[in-house]
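Line order of the protein sequences matches chains A and B.
Note that this note's numbering has the first sequence beginning at 143, numbered continuously upward.
Note that this note's numbering has the second sequence beginning at 90, numbered continuously upward.
Glycine included, each C-beta is placed from N, C-alpha and C at the ideal position.
Taking it in order: structure first as structure tokens, then the write-up.
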Amino acid sequence: AQSVTQLGSHVSVSEGALVLLRCNYSSSVPPYLFWYVQYPNQGLQLLLKYTSAATLVKGINGFEAEFKKSETSFHLTKPSAHMSDAAEYFCAVSDGSNFGNEKLTFGTGTRLTIIP
Amino acid sequence: NAGVTQTPKFQVLKTGQSMTLQCAQDMNHNSMYWYRQDPGMGLRLIYYSASEGTTDKGEVPNGYNVSRLNKREFSLRLESAAPSQTSVYFCASLDRGSNQPQHFGDGTRLSIL
Numbered sequence: 143a144q145s146v147t148q149l150g151s152h153v154s155v156s157e158g159a160l161v162l163l164r165c166n167y168s169s170s171v172p173p174y175l176f177w178y179v180q181y182p183n184q185g186l187q188l189l190l191k192y193t194s195a196a197t198l199v200k201g202i203n204g205f206e207a208e209f210k211k212s213e214t215s216f217h218l219t220k221p222s223a224h225m226s227d228a229a230e231y232f233c234a235v236s237d238g239s240n241f242g243n244e245k246l247t248f249g250t251g252t253r254l255t256i257i258p
Numbered sequence: 090n091a092g093v094t095q096t097p098k099f100q101v102l103k104t105g106q107s108m109t110l111q112c113a114q115d116m117n118h119n120s121m122y123w124y125r126q127d128p129g130m131g132l133r134l135i136y137y138s139a140s141e142g143t144t145d146k147g148e149v150p151n152g153y154n155v156s157r158l159n160k161r162e163f164s165l166r167l168e169s170a171a172p173s174q175t176s177v178y179f180c181a182s183l184d185r186g187s188n189q190p191q192h193f194g195d196g197t198r199l200s201i202l
């Protein structure tokens, strides 16, 4: 069985500061890992996806995440926060069916607040 | 615009009432999913349909039924609503065999009093 743990249900950063959202995974097989973003009153949108092709994955809106097998982590970062980054972020893992896009297991989410 | 359409967007029910949440996608996707989102619990899979005519239970199926009416539509039914089913419900679709991610609707916010 796979699972992800997101550390910190709420994170606040100042505009222009580094964003770091933490995710640790547990998987018995090489995982597919995802970060999704949810803006208020909207569905989830894919930020980026790890598929073992490269440990550093670049996504949309300037976000990136690094897969560290030794730490079983897949933390999301952005060098400089923007007000528009305020949203809820979900880490997810899958077992690899259909390019890893099926049967996702989501973390509990981290709400990111940007301080002007 | 192409995508996943959920209706209604908001609904308030009384305990014991029944309700069907509708989901339709116009992307010709094979697979469709129903999730519920609760504070502090992320999204949990209720049911999914890998293809037209098939449905399977997810993590939290109790109290729900689903129908994959055709390739476009996947409905979720609460036969006798309970306060524990107060949640935000998301439908998603996927083109199996492609490398595209699941595509989500905007959600249905359901309150059960």
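Euclidean distance between Cα positions of residue i and residue j
i: M130 (chain B); j: T250 (chain A); result: 5 Å
i: P258 (chain A); j: L132 (chain B); result: 30 Å
i: S215 (chain A); j: T252 (chain A); result: 15 Å
i: Q126 (chain B); j: F179 (chain B); result: 8 Å
i: T144 (chain B); j: S107 (chain B); result: 21 Å
i: T197 (chain B); j: Q95 (chain B); result: 7 Å
i: W123 (chain B); j: G185 (chain A); result: 12 Å
i: G150 (chain A); j: P128 (chain B); result: 13 Å
i: K146 (chain B); j: A207 (chain A); result: 32 Å
i: T219 (chain A); j: P97 (chain B); result: 35 Å
i: L102 (chain B); j: S156 (chain B); result: 21 Å
i: Q100 (chain B); j: E148 (chain B); result: 24 Å
i: S154 (chain A); j: N166 (chain A); result: 20 Å
i: L175 (chain A); j: A234 (chain A); result: 6 Å
i: Q148 (chain A); j: Q111 (chain B); result: 31 Å
i: V171 (chain A); j: E213 (chain A); result: 15 Å
i: Q180 (chain A); j: F232 (chain A); result: 8 Å
i: Y153 (chain B); j: E168 (chain B); result: 7 Å
Range covered by the beta strand (DSSP E) that runs through residue i
i: Q114 (chain B); result: 108 to 114
i: N166 (chain A); result: 161 to 168
i: M44 (chain B); result: Outside the shown range of chain B, which is 90 to 202, sits residue 44 (chain B), and nothing can be said about it.
i: H152 (chain A); result: 152 to 156
i: V171 (chain A); result: Element bounds for V171 (chain A): n/a, residue is neither H nor E.
i: Q187 (chain A); result: 186 to 192
i: Y136 (chain B); result: 131 to 138
i: Q144 (chain A); result: Element bounds for Q144 (chain A): n/a, residue is neither H nor E.
Strand pairing of residue i, partner residues [DSSP]
i: A181 (chain B); result: B:Y122, B:F193
i: E230 (chain A); result: A:Q180, A:R253
i: A207 (chain A); result: A:V199, A:L218
i: S164 (chain B); result: B:S156
i: T96 (chain B); result: B:Q111
Buried/exposed call for residue i, threshold 16 Cβ in 10 Å
i: I208 (chain B); result: Outside the displayed range of chain B (90 to 202) lies residue 208 (chain B), so it cannot be described from this structure.
i: S138 (chain B); result: buried
i: I202 (chain A); result: exposed
i: G142 (chain B); result: exposed
i: L158 (chain B); result: exposed
i: P72 (chain B); result: Because residue 72 (chain B) is not part of the residues shown, which for chain B are 90 to 202, the question remains open.
i: H152 (chain A); result: exposed
i: T104 (chain B); result: exposed
i: T247 (chain A); result: buried
i: P172 (chain B); result: exposed
i: H224 (chain A); result: exposed
i: R211 (chain A); result: The residue asked about is misnamed: residue 211 (chain A) is Lys in this sequence, not Arg. Exposed, since its Cβ has fewer than 16 Cβ neighbours within 10 Å.
i: A229 (chain A); result: buried
- [ ] Check whether the stretch 112 to 120 of chain B touches the stretch 180 to 196 of chain B, counting contact only when three or more Cβ pairs, one atom from each stretch, lie closer than 8 Å.
- [x] yes
Open item on the list: Within 8 Å, do at least three Cβ pairs link the stretch 153 to 171 of chain B to the stretch 154 to 165 of chain A?
Closed with: Taking a cut-off of 8 Å on C-beta distances, the stretch 154 to 165 of chain A does not touch the stretch 153 to 171 of chain B, as fewer than three cross pairs fall below it.
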